[in-house]
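Okay, so here's the structure we're looking at.
Protein chains in written order, with this note's numbering: chain A, 1 to 414; chain B, 1001 to 1414.
Rendered as structure tokens:
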């Protein structure tokens, strides 16, 4: 008998029939003798609708009221899930963030969990009751204000609750059946990973794989909670171990230097041309962007030429590009660049793998493979377990497929 | 400067534009120097949609989960109203039932308010903040469960809050501009009452006038809170005193024996024929119905005939009629009736007025007026300040118009 947290995303509770189907998955786990705590997202589309209402009423953002309005999506689905579980003969009860409580800081819209009180849950789990927690939400320390954890925050709610309960596993039911070596829509030969380490999952999530929210993986790693990613729409339940288990590194993971390939079309490239090559300029550029709340990704600076100037290239989210140009132009005299170029037609391709640490030559094989296909590398960035390159967007499918084959990730013919 | 509670119903906050319009009414009151606490219903249609979701997931009713789901309607509109007020330059903040808290009993779906903590509100009103309370909801004494106050409960929230705050007045903004001497859709000559007593309003509300929830009028009477009913869609605001003021009886009210005429098409008539005329039979019939949660309205029993039997006639809600027949038939042998007749095509017409107490002849004039039009009276019921008759539904407009004229309620030509 195990204690499981089972989280269902927005498409998994997207309508009444799907809520009933998700309830059937929970019922299966209970029949196996497991204790289950369910965490639910809002029904697909509801959160966007509520955000739209807020914007229509008042274009100026009020984070507190926004969270109070938006958190109702999960409040509705948690009550409906409890009803659906009762319909299946289970004893169930919904819990809102303030009811447990899940205490967070007061950083509305992207609050961080400070503590979870599991007293109530524990007593009721012992009596065989299934708890259904509204994901994505918490309450401030004074108990008076609803907070939300940011987009995808229900994953974080689930893993945090699993950690607080010392659960045996956190099952994330979603609309894909696991984490793949590459996006299956691009690489037909991609393989589902049966296991992946927290570290690799973190890189994959940060680099574009949208299966899990980065914070939830971080939390799983910190508290060592195995996270099982699996499809709501398949026939098996969590304990059958389909999908992908995100867990601690083990030896069997190092068979290949590369575990998976992520890609992202969310970035844009900005180049400031002919920046004077003197101390303090980089601090000026990136300090200003940071204060404006703009995250900068890759950064590369060319070697200084005869004229003592350099080109500074960096990536930002595509949505930030207009603001970045505006901010840079406002500081044009201070920075001293002659020209600013922006390019939205770029893709970031990343190889991720723990095995990379001990296998030299990964970068070389990556560059060779891309060169063979005539793909120019615009920017390179590396960490201990990932190598990312920025290329022209039009090549991104070709690049992912070529790298998938080159690193022997292609599915073996049966 | 006054302290006002302003409540906006579902149609008054039915969409984003209407919420903005309602906010403009509040802003006008604040500009006049008044302190305002706003109470909102759910956006029109939302509550029914949420109830529909609950029923679809699980036809068996779970009152606790139902309240948690359904209360989100007011949570959304309270946040949106706070945002709309901020957009108008006011300092505003939403409050949910559990946040104040508004403590209720645990009778989910129709909870009664036990206490309202106004500590937070008071401090913030002093600082000029407009509080926006989600109507219709409260929290159980242990602070753990959301309750709702029953249909139309936002009126009750508003008047209860006005009482707790010792407000100068409670303004109920709705889609009609007040209480009329009769339904203006039936009687073109009907007059808006500028004042009506709590007692009369209670009778009018109970007898079919849907302007205010009965419980809110009771509460206004108990705590002596003047309730102003006025239209959201007119050009005036509460302090201009349009609409109808529900308040304590005063002398000017007694000009006419009849203040208003209510009618209801919500009832059905049931007759049990040839019931043995012996003690305990009425207790048996109505006791069984009461235990089944069925409210019985008018009751009349004919004089016993030679055969020592009587006909028992009573009214129930039309929606209950099938269950009533089922229950009566199950007890047919015990009760001993020979036949059961049900008639949904009935209307209840009621004259209401404090003046009735001191003016004899009201019933006589009522009966004469109806007789002149050839309208048969099926059942009569009287209280100190009302006379109600049950007639065939097809005559109801004719009856209301004829009585309106007979009791000199028709508008005077200018």
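Glycine is no exception: its CB is placed at the ideal position from the N, C-alpha and C atoms.
Just so we're clear, the structure is a prediction, and the values are computed from it rather than from any experiment.
Buried or exposed: which applies to residue i, given that a residue is buried once 16 or more other Cβ atoms fall within 10 Å of its Cβ?
i, result
"residue 155(A)", "buried"
"residue 257(A)", "buried"
"residue 52(A)", "exposed"
"residue 310(A)", "buried"
"residue 333(A)", "exposed"
"residue 22(A)", "buried"
"residue 1001(B)", "exposed"
"residue 91(A)", "exposed"
"residue 1293(B)", "exposed"
"residue 14(A)", "buried"
"residue 376(A)", "exposed"
"residue 278(A)", "exposed"
"residue 199(A)", "buried"
Checking 8 angstroms against the spacing of the C-beta atoms, do residue i and residue j come in under that value?
i, j, result
"residue 1274(B)", "residue 1315(B)", "no"
"residue 121(A)", "residue 165(A)", "yes"
"residue 1211(B)", "residue 1187(B)", "no"
"residue 1005(B)", "residue 1158(B)", "yes"
"residue 1388(B)", "residue 1298(B)", "yes"
"residue 94(A)", "residue 78(A)", "yes"
"residue 271(A)", "residue 331(A)", "no"
"residue 81(A)", "residue 46(A)", "no"
"residue 105(A)", "residue 114(A)", "yes"
"residue 1173(B)", "residue 1214(B)", "no"
If I measure Cβ to Cβ from residue i and keep anything under 7 angstroms in the same chain, skipping five residues before and after, which residues do I get?
i, result
"residue 1075(B)", "1096 and 1134"
"residue 109(A)", "63, 66, 67, 148 and 150"
"residue 1336(B)", "1275 and 1276"
Does any residue of chain A bring its CB to less than 8 angstroms from the CB of residue i?
i, result
"residue 1019(B)", "yes"
"residue 1245(B)", "no"
"residue 1040(B)", "no"
"residue 1082(B)", "yes"
"residue 1099(B)", "yes"
"residue 1094(B)", "yes"
"residue 1414(B)", "Because residue 1414(B) carries a pLDDT of 43, less than 50, the predicted location of this residue cannot be relied on, and the following value inherits that uncertainty. Answer no: the Cβ-Cβ gap between residue 1414(B) and chain A never drops below 8 angstroms."
Find the residues of chain B that neighbour residue i, judging by a C-beta separation of less than 8 angstroms, and give them in chain order.
i, result
"residue 322(A)", "Those within 8 angstroms of residue 322(A) in chain B number zero; the least Cβ separation is about 25 angstroms."
"residue 16(A)", "1053, 1056 and 1057"
Does any C-beta atom of chain B lie closer than 8 angstroms to the C-beta of residue i?
i, result
"residue 26(A)", "no"
"residue 449(A)", "The first residue shown for chain A is 1 and the last is 414, placing residue 449(A) beyond what the model contains."
"residue 308(A)", "no"
"residue 420(A)", "Residue 420(A) cannot be examined here, being either before or after the span of chain A that is shown, 1 to 414."
"residue 149(A)", "no"
"residue 62(A)", "yes"
"residue 125(A)", "no"
For residue i, which residues in chain A fall below 7 angstroms Cβ to Cβ?
i, result
"residue 1079(B)", "65, 68 and 69"
Using C-beta distances below 8 angstroms, list every residue in its chain close to residue i, excluding the 5 sequence neighbours before and after it, in chain order.
i, result
"residue 400(A)", "182, 183, 186, 187, 261, 263 and 349"
"residue 1193(B)", "1178, 1179, 1180, 1181, 1244, 1259 and 1260"
"residue 1394(B)", "1345"
"residue 1203(B)", "1262, 1350, 1352, 1383, 1385 and 1386"
"residue 30(A)", "36, 90 and 130"
"residue 1416(B)", "Summary: the structure shown does not reach residue 1416(B), with chain B confined to residues 1001 through 1414, and so no result is reported for it."
"residue 224(A)", "248"
Using a C-beta to C-beta distance shorter than 8 angstroms, which residues of chain A count as neighbours of residue i?
i, result
"residue 1076(B)", "50, 53, 69 and 72"
"residue 1144(B)", "99 and 120"
By Cβ distance below 6 angstroms, which residues in the same chain neighbour residue i in space, the five residues on each side in sequence not counted?
i, result
"residue 1071(B)", "1137, 1146 and 1148"
"residue 407(A)", "258"
"residue 341(A)", "271"
"residue 1414(B)", "At residue 1414(B), the pLDDT of 43 sits below 50, so the modelled position is not reliable; the number obtained from the coordinates is stated separately. Correct list: empty, nothing qualifies."
"residue 1201(B)", "1217 and 1246"
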